[in-house]
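Colleague:
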Amino acid sequence: KSRGLGDLYKRQAHWYLATAVSRLTTPSRSARSSPEGEQPLAADTERSTEEEHVNQSKCRVCREPAIIDLPRHNANFCAEHLLQLCRRQVEKAIADHDMLSIDDRILVAVSGGKDSLAVWDILVELGYRADGLYLGLGIGDYSDVSGEYTRAFADERGLTLHTVDLRDEYGYDVPTAAKVTKRVPCSACGLSKRHLFDKAASDGGYDVVVTGHNLDDEAAVLFGNALRWDIDYLARQHPVLPARDGFPKKVKPLMRLTEREMAAWCIVRGIDYQVDECPMALGNKHLAYKEALNSIERTSPGSKSAFYLEFVDKMSPILAEHRDHERSRLVACTSCGAPTTEPDSGDAPVCAFCRLHDRVGGHEPVPVEMVLNKRARKAYLAAQESGE
Ligand code: AMP
Ligand code: FES
Ligand code: ZN
Ligand code: ZN
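Printed below as a string of structure tokens:
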């Protein structure tokens, strides 16, 4: 079966992740220090002799050989203590922001990528009652493969996974919505995801929705919002949104952990995940902001986490009043009951999801490549061919 962009980019992405994790250790050592004890870290076989000599670094905690360097902590860690660091950062985020209680029924939105699978894994390990929710967005092979990783993760661990398919249940998919609305795919995608996370949680009686947004995601969004000083978005950018009117609380327990740390978590824990970026997101602003922040981080380690975590500590309380004011102005959608803003026109309030659904539901499916720009389409089709 074709894995689309997968086969082309996967080797490259795994190479990056594997060197990130195992740069500082030998293959035999990394295999032994993995909790599964059997799987060498990815691409061990491809590692050059030169890199095998770079094995001097020791774990900050136990002085055993390290598998990863984390410049922002100015330290190296072995597999066991990397996992400990990740767990502690999640526990700290949960405690600092009163995210979860042990009795909560938790719904984790899982995309099949490293972050959401890792957060589900960590929460279950910490003893939380967490089920998963996967949304089939209809983005060609990318969605099919993401769904496979998610189901495999849940099945292997005997966890409950709910699935909602946009095409089956609402008569549209993300490429079709993008084509019909003539807007960037991420717009219909984000809107659909937010609405369906809320709905699945409220239908299933869950107290809280968890997403896998990490420090890199949040810092990139903050960067974009700050570039425009978009006060409404800045006010809304908080790692916890409280429940309101029957809608669940929403939390981001990975707010203190980076993409690289989550990739390392998955590699060490032997979690197989969708490595590809969404083909529709290639070249978007969010990725460009991430690159800009990474370039600052390289010359000044720790600045990315300071940028975001200090915003949450110092600016977010100042914006709380604005956030509460905006939320108090929301009314119920007359079609589905979801909170939405009251139209100035005096018309009955209908939420953005219901408007999108009315407009695009029932349209014939549009293939992914139809909504990509020329360059992205060429790369996508080439990757598809090489994946056959
Ligand atoms: P993204 O918007 O792709 O950056 O994803 C942010 C978070 O939304 C992920 O970490 C997941 O928690 C969640 N998410 C993204 N895509 C899906 C999906 N297809 N199904 C369920 N959850 C998703
Ligand atoms: Fe939403 Fe790609 S995952 S547009
Ligand atoms: Zn150690
Ligand atoms: Zn609605």
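If you're matching positions, the sequence shown starts at 208 in the numbering used here and goes up one per residue. For every residue, glycine included, the Cβ atom is placed at its ideal position computed from N, Cα and C. None of these values were measured; they are calculated from a predicted model.
For L314, write down the residues that DSSP places opposite it in a beta bridge.
Modeller: BP columns for L314 point to D338, V416.
Colleague: Give the secondary structure of P455 by DSSP, where H, G and I count as helix, E and B as strand, and everything else as coil.
Modeller: DSSP places P455 in coil when its eight states are reduced to three.
Colleague: Roughly how many whole angstroms lie between the Cα atoms of V352 and D551?
Modeller: Approximately 43 Å between the Cα atoms of the pair.
Colleague: Of all residues in the structure, which have a C-beta closer than 5 Å to any heavy atom of ligand 2, taken in chain order?
Modeller: Checking every Cβ against the heavy atoms of ligand 2 under 5 Å gives P392, C393, C396, C485, M487, A488.
Colleague: F518 lies in the alpha helix (DSSP H); which residues open and close that run?
Modeller: Element bounds for F518: n/a, residue is neither H nor E.
Colleague: Among D375, A450, D423, which has the Cα closest to the Cα of G412?
Modeller: For G412, the nearest C-alpha among the options comes from A450.
Colleague: Going along the chain, which unbroken runs of the beta strand (DSSP E) with 3 or more residues stay wholly within the segment 481-547?
Modeller: Qualifying beta strand (DSSP E) stretches, in chain order: 537-539.
Colleague: In the DSSP assignment, find the unbroken beta strand (DSSP E) run with L307 in it and report its ends.
Modeller: Where L307 is concerned, there is no enclosing beta strand (DSSP E), given that its DSSP letter is neither H nor E.
Colleague: Mind checking which residues open and close the beta strand (DSSP E) that includes L371?
Modeller: The amino acid occupying residue 371 in the given sequence is Val; Leu does not appear at that position. Element bounds for V371: 368-372.
Colleague: So, are the CB atoms of P486 and Y349 less than 9 Å apart?
Modeller: Against a cut-off of 9 Å, the Cβ pair of Y349 and P486 comes out as a contact.
Colleague: Buried or exposed, going by whether 16 or more other CB atoms sit within 10 Å of the CB of E425?
Modeller: Classification for E425: buried.
Colleague: What's the call for R467, buried or exposed, on a 16-neighbour Cβ count within 10 Å?
Modeller: It counts as buried.
Colleague: Report whether the distance from the Cβ of V557 to the nearest heavy atom of ligand 4 is below 8 Å.
Modeller: Yes, Cβ of V557 sits closer than 8 Å to a heavy atom of ligand 4.
Colleague: Leaving out five residues before and five after T252 in sequence, what residues of the same chain have Cβ atoms less than 7 Å from its Cβ?
Modeller: The pLDDT assigned to T252 is 40, lower than 50, so where the model puts this residue is not dependable, and the model offers no usable value.
Colleague: Classify C269: buried if its beta carbon has 16 or more other beta carbons within 10 angstroms, exposed otherwise.
Modeller: The residue in question, C269, is exposed, as its Cβ has fewer than 16 Cβ neighbours within 10 Å.
Colleague: Out of D414, V567, G378, L373, point me to the one whose CA is closest to S456's CA.
Modeller: Here the sequence assigns Lys to residue 456, which means Ser is not the residue at that position. Nearest C-alpha to K456: D414.
Colleague: Just the Cα atoms here: how many angstroms apart are F360 and D479?
Modeller: Each residue's alpha carbon lies about 8 Å from the other.
Colleague: Any chance the CB of H288 is under 8 Å from a heavy atom of ligand 3?
Modeller: Yes, since a heavy atom of ligand 3 falls inside the 8 Å radius drawn around the Cβ of H288.
Colleague: Beta carbon of T370: closer than 8 Å to some heavy atom of ligand 4?
Modeller: Result no, Cβ not under 8 Å from ligand 4.
Colleague: Leaving out five residues before and five after S512 in sequence, what residues of the same chain have Cβ atoms less than 7 Å from its Cβ?
Modeller: Cβ neighbours of S512 beyond the five flanking positions: R279, L422.
Colleague: Expressed to the nearest angstrom, what Euclidean distance is found between the alpha-carbon atoms of R530 and R536?
Modeller: About 10 Å.
Colleague: Using three-state DSSP, classify I275 as helix, strand or coil.
Modeller: Strand.
Colleague: How would you call D405, buried or exposed, if buried means at least 16 neighbouring beta carbons within 10 angstroms?
Modeller: With 16 or more other Cβ atoms within 10 Å, it is buried.
Colleague: Below 7 Å CB to CB, which residues in the same chain sit around H304 once its five sequence neighbours on both sides are set aside?
Modeller: Excluding residues within five positions, the ones whose Cβ falls inside 7 Å are P446, V447.
Colleague: What number of angstroms, rounded off, separates the C-alpha of T547 from the C-alpha of C561?
Modeller: Roughly 11 Å between the two C-alpha positions.
Colleague: Please confirm whether V391 and V458 have their CB atoms less than 9 Å apart.
Modeller: No, the pair does not count as a contact, with Cβ atoms beyond the cut-off.
Colleague: From the DSSP output, which residues share a beta bridge with A282?
Modeller: In the DSSP output, where bridge partners are listed per residue, A282 has L277.
Colleague: State the Cα-Cα distance for the pair D375 and L563, rounded to the nearest angstrom.
Modeller: Rounded to the nearest angstrom, the two C-alpha atoms are 16 Å apart.
Colleague: Flag this pair as touching only if the segment 581-589 and the segment 483-497 have three or more C-beta atom pairs under 8 Å; answer yes or no.
Modeller: With a cut-off of 8 Å, the segment 483-497 and the segment 581-589 count as touching, because enough Cβ pairs lie within range.
Colleague: Does the segment 366-384 come within contact of the segment 295-311, defined as at least 3 CB pairs closer than 8 Å?
Modeller: They do not touch, by the three-pair rule.
Colleague: Between which two residues does the alpha helix (DSSP H) harbouring C561 extend?
Modeller: 559-567 is the extent of the alpha helix (DSSP H) around C561.
Colleague: Which term fits G354, buried or exposed, when burial requires 16 or more other beta carbons within 10 angstroms of its beta carbon?
Modeller: G354 should be labelled buried.
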